[in-house]
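Visitor: Here's a structure for you.
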């Protein structure tokens with residue numbers, strides 16, 4: 022069993038409508054022109070860089086947009102819908118695959134299956150209608166009997182998926198501990214992950230209660246714009262990389278980790294060196310912390326981390342200290358970053374045998390070449406705010422996704438069931 026990163030391919034409707042309260046980048050760039058083609062090509066380049074590092078790479082696909090079924094449930098259609106519903110129905114936010122599901126690998130579960138629970142994402146209207154199509158994709162990609170794919174936790178218990186969940190283990194294929202991070206309101210911004218949802222997922226995944234940790238996110242971090250835990254903390258193998266202000270009671274969290282996982286290593290970034298504001302704007306922690314084939318660890322950060330005059334020097338000091346993170350890789354995902362999603366937002370981590378995954382959801386350089394050609398041929402070059410209701414644009418977006426599904430032989434497989 023190895024870790025597979027499933028990146029969300031950025032969809033042709035990628036735009037900056039500023040729909041996500043508490044996501045400072047998304048609201049700060051509201052109304053700016055977006056570049057869906059460049060965004061998707063940046064994401065493909067990131068996947069290609071992961072393949073070059075020797076990592077196993079998968080994809081999750083853009084959803085059908087606009088979401089006509091959702092609009093129909095609101096007794097309207099795209100042409101008649103008010104502007105805010107148009108924007109919410111057109112959102113490409115499923116690109117952030119870290120919010121697709123919570124994943125517990127087989128070594129952690131009592132039935133020896135890898136469990137996935139699709140996130141309900143109910144806190145934000147534009148994301149609340151993602152789960153049926155995400156669930157349909159997960160049930161195709163992970164149809165092997167070694168997986169158990171669950172429907173969402175019911176309302177009103179908000180669940181944001183892997184963005185608020187971390188796993189630590191000596192190695193990916195060894196039994197580990199799972200850390201569920203829930204929140205309360207942080208200043209004017211809502212918390213998106215409830216403890217009730219986290220506990221329900223742990224039960225559904227048949228986790229040993231003594232190996233599950235429930236940690237409260239620091240309200241100060243939420244107020245600073247850390248709308249998900251993965252903006253202030255990331256874990257991989259036995260390593261937790263976290264900001265000093267990530268958790269409401271960090272001493273208790275660290276004690277629980279070290280008690281349950283002997284050999285755990287905690288790399289904490291002090292607030293005196295990197296403020297919460299720096300962490301949020303640079304997305305230092307919204308990075309991919311990965312184990313390379315030679316068993317060393319690399320941190321894959323966005324360009325914004327290198328540009329930050331406090332973050333980048335701290336990273337160089339960390340490398341010089343011979344700690345567990347031995348390499349820094351920099352990727353350009355600027356279009357995603359401008360909408361509030363860094364390298365970690367774009368991927369869902371699944372520990373599994375690749376032979377048990379539907380191969381249509383796995384990529385290599387040749388398939389990435391095919392995807393790049395489809396994006397170049399069909400994705401809109403740019404979308405202005407005034408274009409969102411344009412019928413010609415909508416037709417182009419729908420045609421682009423259809424071309425992608427045809428090329429991957431998935432047109433007949435992704436029939437959405439709007440029931441859990």
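Residue numbers (our numbering): 22 to 441.
Note that CB positions come from ideal geometry on N, CA and C, so glycine has one too.
Out of 345, 202, 271 and 357, state which residue places its alpha-carbon closest to the alpha-carbon of residue 179.
Guide: 202
Visitor: In whole angstroms, what separates the C-alpha of residue 125 from that of residue 401?
Guide: 37 Å
Visitor: Measuring only the C-alpha atoms, how far is residue 255 from residue 355?
Guide: 20 Å
Visitor: Quick one: what does DSSP say residue 31 is sitting in, helix, strand or coil?
Guide: coil
Visitor: Which one of 242, 370 and 406 has the shortest CA to CA distance from residue 36?
Guide: 406
Visitor: Am I right that residue 45 and residue 332 are in contact with their C-beta atoms under 8 Å? What's the rounded C-beta distance?
Guide: So it is not a contact: roughly 16 Å between Cβ atoms.
Visitor: Ignore the nearest five residues each way along the sequence and tell me which others in residue 113's own chain have a CB closer than 6 Å to its CB.
Guide: For residue 113, where only same-chain residues beyond five positions count, the Cβ hits under 6 Å are 32, 34 and 35.
Visitor: Let me confirm a value: residue 291 is counted as buried when at least 16 other C-beta atoms fall within 10 Å, else exposed. Which label applies?
Guide: exposed
Visitor: Does residue 78 come out as helix, strand or coil in the three-state DSSP assignment?
Guide: strand
Visitor: What is the residue span of the alpha helix (DSSP H) that residue 305 lies within?
Guide: It is not in any alpha helix (DSSP H) - residue 305 carries neither H nor E in the DSSP assignment.
Visitor: Which residues does DSSP pair with residue 135 in a beta bridge?
Guide: Residue 135 is bridged to 168.
Visitor: What residue range is occupied by the uninterrupted beta strand (DSSP E) comprising residue 125?
Guide: 122-125
Visitor: So if DSSP puts residue 318 in a beta bridge, which residue, or which two residues, is it bridged to?
Guide: 312 and 346
Visitor: Let me check understanding here. Comparing Cα to Cα, which of 425, 325 and 79 lies closest to residue 442?
Guide: Residue 442 is absent from the structure shown; the chain starts at 22 and stops at 441.
Visitor: Smallest Cα separation from residue 398: which of 139, 187 and 57?
Guide: Just measuring C-alpha positions, the residue of 139, 187 and 57 sitting nearest residue 398 is 57.
Visitor: According to DSSP, which residues form a beta bridge with residue 55?
Guide: 404
Visitor: Given residue 193, which residues of its chain have a CB within under 8 Å of its CB, disregarding the five upstream and five downstream residues?
Guide: 22, 23, 24, 126, 258, 312 and 372
Visitor: Hey, would you say residue 4 sits closer than 9 Å to residue 96, going by beta carbons?
Guide: Look at the range of the chain in this structure, 22 to 441, and you will see that residue 4 is not part of it.
Visitor: Helix, strand or coil: which one does DSSP assign to residue 233?
Guide: strand
Visitor: Opposite residue 130 in the DSSP bridges: which residues?
Guide: 228
Visitor: Grab the span of the beta strand (DSSP E) containing residue 286 for me, first residue to last.
Guide: 286-290
Visitor: Under 7 Å Cβ to Cβ from residue 60, same chain only, skipping five residues before and after it: list those, please.
Guide: 31, 35, 356 and 357
Visitor: According to the Cβ coordinates, are residue 28 and residue 422 closer than 9 Å?
Guide: Not in contact: residue 28 and residue 422 (Cβ atoms no closer than 9 Å).
Visitor: Sort out for me which residues DSSP pairs residue 264 with in a bridge.
Guide: 290
Visitor: Any idea if residue 105 is buried or exposed, counting beta-carbon neighbours within 10 angstroms, 16 or more meaning buried?
Guide: exposed
Visitor: Can residue 449 and residue 129 be called in contact, C-beta distance under 9 Å?
Guide: Only positions 22 to 441 of the chain appear in this structure, which leaves residue 449 out of reach.
Visitor: Please go through the same chain and pick out, in chain order, the residues whose beta-carbon is closer than 6 Å to the beta-carbon of residue 440, but skip the five residues on each side of it.
Guide: For residue 440, the predicted model reports a pLDDT of 49, less than 50, meaning its position is unreliable and no value from the coordinates is stated.
Visitor: Thinking just about the alpha-carbon of each residue, which of 322, 43 and 425 is nearest to the one in residue 396?
Guide: Put simply, of 322, 43 and 425 the residue whose alpha carbon is nearest the alpha carbon of residue 396 is 425.
Visitor: To the nearest angstrom, report how far apart residue 121 and residue 231 are at their CA atoms.
Guide: 26 Å
Visitor: Rounded to a whole number of angstroms, what is the C-alpha to C-alpha distance between residue 214 and residue 141?
Guide: 10 Å
Visitor: Pick from 327, 275, 48 and 75: whose alpha carbon is nearest that of residue 299?
Guide: 327
Visitor: Let me know the secondary structure DSSP gives residue 396 once reduced to three states.
Guide: helix
Visitor: So residue 317 packs on residue 271, CB below 8 Å; how close in whole Å?
Guide: No, residue 317 and residue 271 are not in contact; Cβ-Cβ is about 26 Å, not under 8 Å.
Visitor: From residue 320 to residue 351, what distance separates their C-alpha atoms?
Guide: 8 Å
Visitor: Which whole-angstrom value is the C-beta distance of residue 472 and residue 310, which I expect to be below 8 Å?
Guide: Residue 472 lies beyond the residue range present for the chain, which begins at 22 and ends at 441; the question has no answer from this structure.
Visitor: Sorted by chain position, which residues of the same chain lie with C-beta nearer than 8 Å to residue 160's C-beta, five sequence neighbours on each side aside?
Guide: 170
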